[in-house]
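Residue numbers for the sequence shown follow the numbering used here, so the first one is 1 and each next one is one higher.
Below you'll find the structure, written out as structure tokens, and then a few comments.
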Amino acid sequence: MKELEAVKFVQGQLLNKPEFPAFKTGDTIIVKYRIVEGDKTREQDFRGDVIQVKGHGLTRTFTIRKMSHGVGVERIFAISNPNIADISVVKRGRVRRARLYYLRGLVGKKARIKELKFFNTKSAADKEN
1 MKELEAVKFV QGQLLNKPEF PAFKTGDTII VKYRIVEGDK TREQDFRGDV IQVKGHGLTR
61 TFTIRKMSHG VGVERIFAIS NPNIADISVV KRGRVRRARL YYLRGLVGKK ARIKELKFFN
121 TKSAADKEN
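Structure below.
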């Protein structure tokens, strides 16, 4: 039992990272990734659609797909990677699957994901009364 407590302690120490916004499959996000080249570091943005989210806790990973000059580029990020500086959600997507692998075979407008429209509950409650 002491080994399990030690593992949980180490995981707790590693999870002391900045909180990223909640996102799920179908969302369009921007990941600011730190790249180290020699003694210099720079941040590079990777913007694309989340096509899958796997795992939980320290082992959580997500795959982002973007089109770059007509070529599909996919990149897998670990949420606990210390080189991830920031994640921001650009838009929420409306999808009905957990894995969007079918997007790999689609081109152009067919590869679009419907945007989830937010519904203002306060104004809807006023209209009912």
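The beta-carbon is built from N, C-alpha and C at its ideal position, and this holds for glycine as well.
{"query": "Is there contact between the stretch 19-28 and the stretch 41-55, where contact requires at least three CB pairs shorter than 8 Å?", "result": "yes"}
{"query": "Would you list, in sequence order, the uninterrupted beta strand (DSSP E) runs of no fewer than 3 residues that lie entirely inside the stretch 55-97?", "result": "61-68, 71-78 and 84-91"}
{"query": "For the beta strand (DSSP E) that R34 lies in, which residues bound it at each end?", "result": "T28 to E37"}
{"query": "Around the Cβ of A124, are there at least 16 other Cβ atoms within 10 angstroms (buried) or fewer (exposed)?", "result": "Since pLDDT at A124 reaches only 49, below the 50 mark, its modelled position is unreliable, and no value is offered."}
{"query": "Exposed or buried, I64, counting other C-beta atoms within 10 Å across all chains shown (16 or more means buried)?", "result": "buried"}
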